[in-house]
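Start counting the sequence shown at 12; every next residue gets the next number (my numbering). Virtual Cβ for every residue (Gly too), placed ideally from N, Cα, C. Read the structure below first, then the notes.
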Amino acid sequence: MDFQLTDEQRLISETARDFADKEIFPRVRDNDRACRFDRELASKLGEVGYLGAPVAEAYGGRGLDYIGYGLIVEQVGRADSSARTVVSVQTSLVAGSIEKWGTEEQKQKWLPRLCSGEALGCFGLTEPDTGSDAANLRTRATKTDSGWSISGQKMWISLANFSEVALIFAQTDPEKKHRGLACFLVPTDSEGFTTQEIHGKLGLRSSDTGEISLDSVEVGDDAMLGEIGDGFKVAMSALDNGRYSVAAGCVGICEGCVEASVAYSKERKQFGVPLARFQLVQEMIADMILKRDASRMLVYRAGVLKDEGKPNTMETSVAKLYATESAVECANLAIQVHGGAGYVDDYPVERYLRDARVTTLYEGTSQIQKLIIGRAATGENAMTPMVES
Ligand code: COS
12 MDFQLTDEQR LISETARDFA DKEIFPRVRD NDRACRFDRE LASKLGEVGY
62 LGAPVAEAYG GRGLDYIGYG LIVEQVGRAD SSARTVVSVQ TSLVAGSIEK
112 WGTEEQKQKW LPRLCSGEAL GCFGLTEPDT GSDAANLRTR ATKTDSGWSI
162 SGQKMWISLA NFSEVALIFA QTDPEKKHRG LACFLVPTDS EGFTTQEIHG
212 KLGLRSSDTG EISLDSVEVG DDAMLGEIGD GFKVAMSALD NGRYSVAAGC
262 VGICEGCVEA SVAYSKERKQ FGVPLARFQL VQEMIADMIL KRDASRMLVY
312 RAGVLKDEGK PNTMETSVAK LYATESAVEC ANLAIQVHGG AGYVDDYPVE
362 RYLRDARVTT LYEGTSQIQK LIIGRAATGE NAMTPMVES
């Protein structure tokens, strides 16, 4: 067991930190205030290879392992969770799924453009009536002579309004339940495909979030990712990687909270001494460091398992659950250290709290992560309806 990063991993992390400081931090507050999705920043993320970093170089990625990818996501997340959402969705949910499940033709068509940031992609799983119960989709795909006709609604979709391609999960045969689901690569300029922005979010204000309507959208047979019936597995395997990315981003939030709180506590004086001299302030900083370090170790563990190709659904859920809850707690503590100054956006900590809050909801709520962990421990699936004896 080795707790040290390699020289190459340290370089990846330091380079990403430098990029975040120079290119992301200076834009964050204005974008957040304006609720503006920064397409230019998304392109810059592509230029430096942060979109699709673990995708093979042959398809335009950087061929990094999951530890290296997690280190990048942590640094982007420290600066801005909205930018981190672009990295996570584009890389883990969209490009990763195409690389894992796509035909050679689908990979060649989409991956280079997604990895470079020329095109964005979104992940259309959630629906107005379907969140945690992901198998229970109402969107229908009906067979036509030349392919499929898709109709339905998708909700809370990151990047929906700026994407060129959407992964759309749809039911082909309701009687087959999750085994009837299929995933389609749908160009967003298809006839019948429309999106609408969702406004008024607590956080992630410069992340694009939308609703998608599909009204008899026609796609060819070659648009299907995997086979009929693979849809649920495509979604679950994508979420295994998406949850890792969210967790790594939350390590970045915890780190940002520690850094901001240490700096502020040394600069701000009360009763004639810096706040850092007060034991109760040190306790809050120590609590943040504890949560940051434990979250980071859990993310590394999940990353190592992914790099070794071993099962990691449970370990990824542990990392996601702990890191996301920790990010919320760290941000709350960081505001406490900053006092009134932490309640306005001159400092990053109030944004950290608003942005962290959604991470315990999306890509599986904390309760869903607990049920996945509990099921792995007991062998009992709490999602299976009770059968009365
Ligand atoms: N990777 C690949 N396949 C997986 C998988 C994974 N991580 N997890 C499950 N599967 C497969 C199973 O092997 C099973 O295959 P078979 O049909 O061949 O037996 C199938 O998928 C069904 O799995 P399972 O029985 O575990 O599904 P459940 O309905 O019991 O539980 C939960 C699924 C609740 C865990 C799932 O619906 C879930 O994660 N929900 C949350 C969804 C979510 O995160 N939504 C946010 C949307 S994205 S912002």
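Any non-hydrogen atom of the ligand COS within 7 Å of residue i CB
{"i": "D172", "result": "The sequence shown places Asn at residue 172, rather than the Asp named in the question. Checking every heavy atom of the ligand COS against the Cβ of N172, none is found closer than 7 Å."}
{"i": "D251", "result": "yes"}
{"i": "Y373", "result": "yes"}
{"i": "S143", "result": "yes"}
{"i": "T324", "result": "yes"}
{"i": "L136", "result": "yes"}
{"i": "I383", "result": "yes"}
{"i": "R190", "result": "yes"}
{"i": "F243", "result": "yes"}
{"i": "A67", "result": "no"}
{"i": "I11", "result": "For residue 11 there is no data in the structure shown, the boundaries of the chain being 12 and 400."}
{"i": "M394", "result": "yes"}
{"i": "S248", "result": "yes"}
{"i": "A146", "result": "yes"}
Whether residue i touches residue j by CB criterion (8 Å)
{"i": "Q15", "j": "L82", "result": "no"}
{"i": "L192", "j": "A249", "result": "no"}
{"i": "S306", "j": "V84", "result": "no"}
{"i": "H349", "j": "V360", "result": "yes"}
{"i": "G211", "j": "Y363", "result": "no"}
{"i": "G88", "j": "G253", "result": "no"}
{"i": "V245", "j": "S160", "result": "no"}
{"i": "A181", "j": "G163", "result": "yes"}
{"i": "G57", "j": "C126", "result": "yes"}
{"i": "D32", "j": "N42", "result": "no"}
{"i": "Q86", "j": "A27", "result": "yes"}
{"i": "V197", "j": "V230", "result": "yes"}
{"i": "L52", "j": "R38", "result": "yes"}
{"i": "S169", "j": "V100", "result": "yes"}
Per DSSP, cross-strand counterpart(s) of residue i
{"i": "R179", "result": "It is worth fixing the name first, because residue 179 is Ile in this sequence and not Arg. Paired residues: G135, F195."}
{"i": "I35", "result": "The partner list for I35 (beta bridge, DSSP) is empty, contrary to what the question assumes."}
{"i": "G3", "result": "Lying before the first or after the last residue shown, residue 3 is absent from the chain, which here runs from 12 to 400."}
{"i": "M235", "result": "F195"}
{"i": "V405", "result": "An answer regarding residue 405 cannot be provided, because it is not within the stretch 12 to 400 covered by the chain."}
{"i": "I168", "result": "G221"}
{"i": "T327", "result": "DSSP output for T327 lists no bridge partner at all."}
{"i": "Q281", "result": "V284"}
Discussion item. Could you check whether the stretch 100-119 touches the stretch 228-237, counting it as contact only if at least three pairs of C-beta atoms, one from each stretch, sit closer than 8 Å?
Written reply: Between the stretch 100-119 and the stretch 228-237 there are three or more inter-stretch CB-CB distances shorter than 8 Å, so the stretches are counted as touching.
Item to complete: Please specify which runs of the beta strand (DSSP E), each continuous and at least 3 residues long, are wholly inside the stretch 191-223, giving them in chain order.
Response: 192-198, 204-208
Worksheet item: Taking only runs of the alpha helix (DSSP H) that begin and end inside the stretch 289-321, which ones reach a length of at least 4 residues, in chain order?
Response: Look at the stretch 289-321 and you find these whole runs of alpha helix (DSSP H), each 4 residues long or longer: 290-318.
Discussion item. Would the stretch 273-280 count as touching the stretch 204-223 if we require 3 or more Cβ pairs under 8 Å?
Written reply: no
Item to complete: Quick one: which unbroken alpha helix (DSSP H) runs of 4-plus residues sit fully inside the stretch 54-107? Chain order, please.
Response: 77-90, 92-99
Item to complete: Please confirm if the stretch 374-385 is in contact with the stretch 294-314, defined as three or more CB-CB distances below 8 Å between the two stretches.
Response: no
Item to complete: Decide yes or no for the touch test of the stretch 386-396 against the stretch 352-359: beta carbon pairs closer than 8 Å, at least 3 of them.
Response: No, they do not touch.
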